[in-house]
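Trainee: Numbering (our numbering), first residue to last: 7 to 376.
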Amino acid sequence: MTNTSIHDPHSSQRVQQLFEEQRALPLLIQEMKDGVLVCDKNRHVLLFNDALKNLLSLNNSVLNQSFERIIPSPELEQALTLVLTSGKASTQELTLTHNNRIFYFHVHLIPLTVTDQVDGCVAIFHDETAIRRTEKMRRDFVANVSHELRTPLSAIHGYAETLLDGALDDREIAWDFVKVIFRHSKRLSQLVTDLLDLSKLESPDFEPELDPMSLPHLIRKVHTLAESSTQGKRLTLFIHLPDNLPDVMANRSNLEQVLTNLLDNAIKYTPEGGKIAISAFETQDQSGHSIVQVNVTDTGIGLEAKHAARLFERFYRVDKARSREMGGTGLGLSIVKHIIQYHGGDIWVESTPEKGSTFSFTLRIADESD
Ligand SMILES: Nc1ncnc2c1ncn2[C@@H]1O[C@H](COP(=O)(O)OP(=O)(O)OP(=O)(O)O)[C@@H](O)[C@H]1O
Ligand SMILES: [Mg+2]
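(1) Using a Cβ-Cβ cut-off of 6 Å (strictly less than) and excluding sequence neighbours within five positions of asparagine 260, which residues of its own chain qualify?
(2) Taking 6 Å as the cut-off, is the C-beta of glycine 338 nearer than that to any heavy atom in ligand 2?
(3) Out of Leu202, Ser235, Leu269 and Thr305, which one is the CA nearest neighbour of valine 151?
(4) Going along the chain, which residues of its own chain have a beta-carbon closer than 8 Å to the beta-carbon of asparagine 267, five neighbours each way excluded?
(5) Does the separation of the CB atoms of glycine 306 and glycine 362 fall below 7 Å?
(6) Leaving aside the five residues before and after histidine 132 along the sequence, list all residues of the same chain whose C-beta is less than 7 Å from its C-beta, in chain order.
(7) Relative to the C-alpha of threonine 358, which residue among Gly308, Val124 and Leu216 is closest?
(8) Alpha carbon to alpha carbon, how far is asparagine 106 from isoleucine 76?
(9) Within its chain, find whatever has a CB closer than 8 Å to the CB of threonine 10; leave out the 5 residues flanking it on each side and keep chain order.
(10) Aspartate 133 lies in the beta strand (DSSP E); which residues open and close that run?
(11) Please classify proline 210 as buried or exposed, where buried requires at least 16 other C-beta atoms within 10 Å of its C-beta.
(12) State yes or no: is the beta carbon of asparagine 150 nearer than 7 Å to at least one beta carbon in chain B?
(13) Helix, strand or coil for methionine 143? Go by DSSP, reduced to three states.
(14) What residues in its chain sit with their C-beta under 7 Å from that of leucine 169, if we drop five residues either side in the sequence?
(15) Within 6 Å: the Cβ of threonine 358 and any heavy atom of ligand 1?
(16) Would you check if there are 3 or more beta carbon pairs closer than 8 Å linking the region 277–293 to the region 225–243?
(17) According to the neighbour-count rule (16 or more other Cβ atoms, all chains shown, within 10 Å of its Cβ), is asparagine 48 buried or exposed?
(18) Just checking aspartate 211 against ligand 1 - is the residue's beta carbon closer than 6 Å to any of the ligand's heavy atoms?
(19) Which value, in whole angstroms, describes the spacing of the CA atoms of leucine 43 and threonine 101?
(20) I'd like the list of long-range same chain contacts for asparagine 301, defined as Cβ closer than 6 Å, with 5 residues on each side in sequence excluded.
(21) Ends of the beta strand (DSSP E) at threonine 266?
(22) Put alanine 286 into one of helix, strand or coil per three-state DSSP.
(23) Beta-carbon separation of valine 264 and leucine 369 under 7 Å?
(24) Less than 7 Å between C-beta atoms, sequence neighbours within five positions excluded: which residues of the same chain meet that for glycine 350?
(25) How many angstroms separate the CA atom of glutamate 356 from the CA atom of alanine 314?
(26) Write down the C-beta distance between arginine 320 and phenylalanine 147 rounded to the nearest angstrom, noting that I regard them as a contact closer than 8 Å.
(27) Once you ignore the five residues that flank aspartate 291 on each side, which residues in its own chain have a CB closer than 6 Å to its CB?
(28) Over what stretch of residues does the beta strand (DSSP E) that includes isoleucine 245 continue unbroken?
(29) Using only CA atoms, which one of Leu224, Asp270 and His246 lies nearest to arginine 256?
(30) Please report the distance separating the alpha-carbon of alanine 372 from that of proline 214.
(31) With a floor of 3 residues, list each beta strand (DSSP E) that falls wholly inside the region 76–131, ordered by position along the chain.
(32) Does the region 226–234 come within contact of the region 190–205, defined as at least 3 CB pairs closer than 8 Å?
(33) Check the C-beta distance from valine 124 over to isoleucine 116 and give it rounded, since I have them as a contact under 8 Å.
(34) Does lysine 274 pass the burial test, meaning 16 or more other C-beta atoms within 10 Å, or should it be called exposed?
(35) Between Glu288, Leu269 and Arg258, which has its C-alpha nearest asparagine 250's C-alpha?
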């Protein structure tokens, strides 16, 4: 039982009084999450609440201006005319472009009838932008996943079919075809592993354990593993670590995944003869707290600034064909970003085409108390 059920005989009386004195209504309108706007029958805006003010960045100077000046939409204007003439409520979908972003609203127009004629209209704006964006992201995601699955699946299907149709008898061809099938099945299984990782990281129940840990040991381990997997390329790998790097708060296996992914990319996107360095150092965040920053720098192909912000999105690849050819799924950096985010850190990239890239991330320092 909650406190609200404690009996107070005067409470309903007070609420009733609030309504009778008409003080409740402005309060209600002000506190509503939906945007509310009231106009008279000449379509002059008489009031709007804070929610609408924030949604459309309005200021009080728009009061008494015409409805259509504040919300420039021919469809809504037409619907308003109909409400004001017919006295019947109506519902309208509204798409507005504001500060270069698209917003979606579900608008209810309700006539205000004081005498027997319509004196004005109340418009209630329900913001559906976030839902629409999430729906679009989900649709895009399903489309992307299906597309990514289709490529290796149809290759496996095609080569297996050719083998069954007789190619199996030619040992040399059969050998090559099975190798292709093997490569594509590896890609499929990598894709599924990455998708499962992502869905785990995005799950609201996901609560990773963060423990104080020393970075140098992990960096050396990942560096050694990377050295043996430079894909036969002549690359030089360096480590730069200060002597007294403080311990960080991290989940060991996830942090290893981050470093492995960044090094794997550096190796993939750096041509023969290139250099790759991992460095870590203590620095401060914007509010002056000590943090540790890790940089993975390469002298590789780099990328243009327009790609930098989108690189951490799922399936985003600068050169789709090239990445796929190398067995990439385009999920690596989005997994990395999720991991760094739940560690409370930041991740970003600085890059110059043809010169190379530096991927940097930050981690919280372990307190003595941790
Ligand atoms: N060090 C780098 N230098 C240049 N471009 C890079 C680098 N790291 C990543 N990129 C670009 O960012 C894209 C996304 O990287 P991400 O790691 O998410 O995917 P991927 O490497 O293509 O595949 P995978 O999911 O297997 O890692 C890459 O396709 C590539 O275009
Ligand atoms: Mg990658």
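In this text, a Cβ means the ideal position worked out from N, Cα and C, and glycines have one as well.
Bear in mind that the values here come from a model prediction, so they are computed numbers and not experimental data.
Mentor: Per the coordinate set shown:
(1) For this step, residue 260 is matched to residue 254 along the sequence shown. In chain order, Ile345 place their CB closer than 6 Å to the CB of asparagine 260, counting only its own chain and leaving out the 5 sequence neighbours on each side.
(2) As a working mapping, residue 338 is identified with position 332 in the sequence shown. Yes, the Cβ of glycine 338 comes within 6 Å of a heavy atom of ligand 2.
(3) Locating residue 151 in the sequence shown gives position 145, counting from the first residue. Checked all of Leu202, Ser235, Leu269 and Thr305; the closest Cα to valine 151 is Leu202.
(4) Within the sequence shown, numbered from 1, the residue matching residue 267 stands at position 261. Counting only Cβ-Cβ distances below 8 Å, and skipping sequence neighbours, we find Gly338, Leu339, Ile341 and Val342.
(5) The residue you call residue 306 lines up with position 300 of the sequence shown. The residue you call residue 362 lines up with position 356 of the sequence shown. Yes. Within cutoff.
(6) By 1-based counting over the sequence shown, the position of residue 132 is 126. Cβ within range, chain order: Asp40, Phe111 and His112.
(7) Against the sequence shown, residue 358 aligns to sequence position 352. Residue Gly308 is the option with its Cα nearest to threonine 358.
(8) What you label residue 106 is simply residue 100 of the sequence shown in a count that begins at 1. What you label residue 76 is simply residue 70 of the sequence shown in a count that begins at 1. The alpha-carbon atoms of asparagine 106 and isoleucine 76 are separated by roughly 17 Å.
(9) Locating residue 10 in the sequence shown gives position 4, where the first residue counts as 1. With a pLDDT of 46 at threonine 10, under the threshold of 50, the modelled position of this residue cannot be trusted; read the value that follows with caution. When the five nearest sequence neighbours on each side are left out, no beta carbon in the same chain lies closer than 8 Å to the beta carbon of threonine 10.
(10) As a first step, residue 133 is located in the sequence shown; it is residue number 127 there, counting from the start. For aspartate 133, the enclosing beta strand (DSSP E) stretches over residues 124–133.
(11) Residue 210 sits at position 204 when you count from the first residue of the sequence shown. Classified as exposed, proline 210 has fewer than 16 neighbouring CB atoms from the shown chains inside 10 Å of its CB.
(12) The chain inventory of the structure shown lacks chain B, comprising one protein chain alone.
(13) Taking the sequence shown and counting its residues from 1, the one referred to as residue 143 is at position 137. Methionine 143: helix per DSSP, three-state reduction.
(14) Position 163 of the sequence shown, counting from 1, holds the residue named residue 169. Here the set comprises Ala180 and Phe183.
(15) To locate residue 358, count along the sequence shown from 1; it is residue 352. No, since every heavy atom of ligand 1 falls outside the 6 Å radius drawn around the Cβ of threonine 358.
(16) yes
(17) Along the sequence shown, read from residue 1 onward, the residue named residue 48 stands at position 42. The C-beta of asparagine 48 has fewer than 16 other C-beta atoms within 10 Å across all chains shown, which makes the residue exposed.
(18) Along the sequence shown, read from residue 1 onward, the residue named residue 211 stands at position 205. Aspartate 211: no, Cβ never under 6 Å from ligand 1.
(19) Numbered from 1 along the sequence shown, position 37 holds the residue referred to as residue 43. Numbered from 1 along the sequence shown, position 95 holds the residue referred to as residue 101. C-alpha separation (whole angstroms): 17 Å.
(20) Here residue 301 is taken as the residue at index 295 of the sequence shown, counted from 1. So the list reads Ser285, Thr364 and Ser366, once near-sequence residues are dropped.
(21) As a first step, residue 266 must be located in the sequence shown, where it is residue number 260. Annotation for threonine 266: no beta strand (DSSP E) segment contains it, though the alpha helix (DSSP H) segment containing it runs 258–274.
(22) Start at 1 with the first residue of the sequence shown, and residue 286 comes out as number 280. Here alanine 286 sits in strand by DSSP.
(23) In the sequence shown, the residue the question calls residue 264 occupies position 258. In the sequence shown, the residue the question calls residue 369 occupies position 363. No, they are not a contact pair.
(24) The count along the sequence shown starts at 1 and reaches residue 350 at position 344. Around glycine 350: Arg370.
(25) Counting from one through the sequence shown, the residue named residue 356 turns up at place 350. Counting from one through the sequence shown, the residue named residue 314 turns up at place 308. A direct Cα-Cα distance of roughly 8 Å separates glutamate 356 from alanine 314.
(26) Looking up residue 320 in the sequence shown gives position 314. Looking up residue 147 in the sequence shown gives position 141. With a Cβ gap of about 7 Å, arginine 320 and phenylalanine 147 count as contacting.
(27) Start at 1 with the first residue of the sequence shown, and residue 291 comes out as number 285. Hits under 6 Å: Ile297.
(28) Residue numbering aside, residue 245 sits at position 239 when the sequence shown is read from its first letter. Run containing isoleucine 245: 242–246, per the beta strand (DSSP E) assignment.
(29) Here residue 256 is taken as the residue at index 250 of the sequence shown, counted from 1. At residue 256 the sequence reads alanine, which differs from the arginine that was named. Taking each of Leu224, Asp270 and His246 in turn and checking the Cα distance to alanine 256, the smallest one comes out for Leu224.
(30) Counting from 1 along the sequence shown, the entry for residue 372 is found at position 366. Counting from 1 along the sequence shown, the entry for residue 214 is found at position 208. When rounded, the distance between both Cα atoms is 16 Å.
(31) 96–104 and 107–119
(32) Judged by pairs of C-beta atoms under 8 Å, the region 226–234 does not touch the region 190–205, as fewer than three such pairs exist.
(33) As a working note, residue 124 is residue 118 in the sequence shown. As a working note, residue 116 is residue 110 in the sequence shown. 10 Å between Cβ atoms; not a contact.
(34) In the sequence shown, counting from the first residue as 1, residue 274 sits at position 268. Flag for lysine 274 reads buried.
(35) One-based indexing of the sequence shown puts residue 250 at position 244. Closest by alpha carbon: Glu288.
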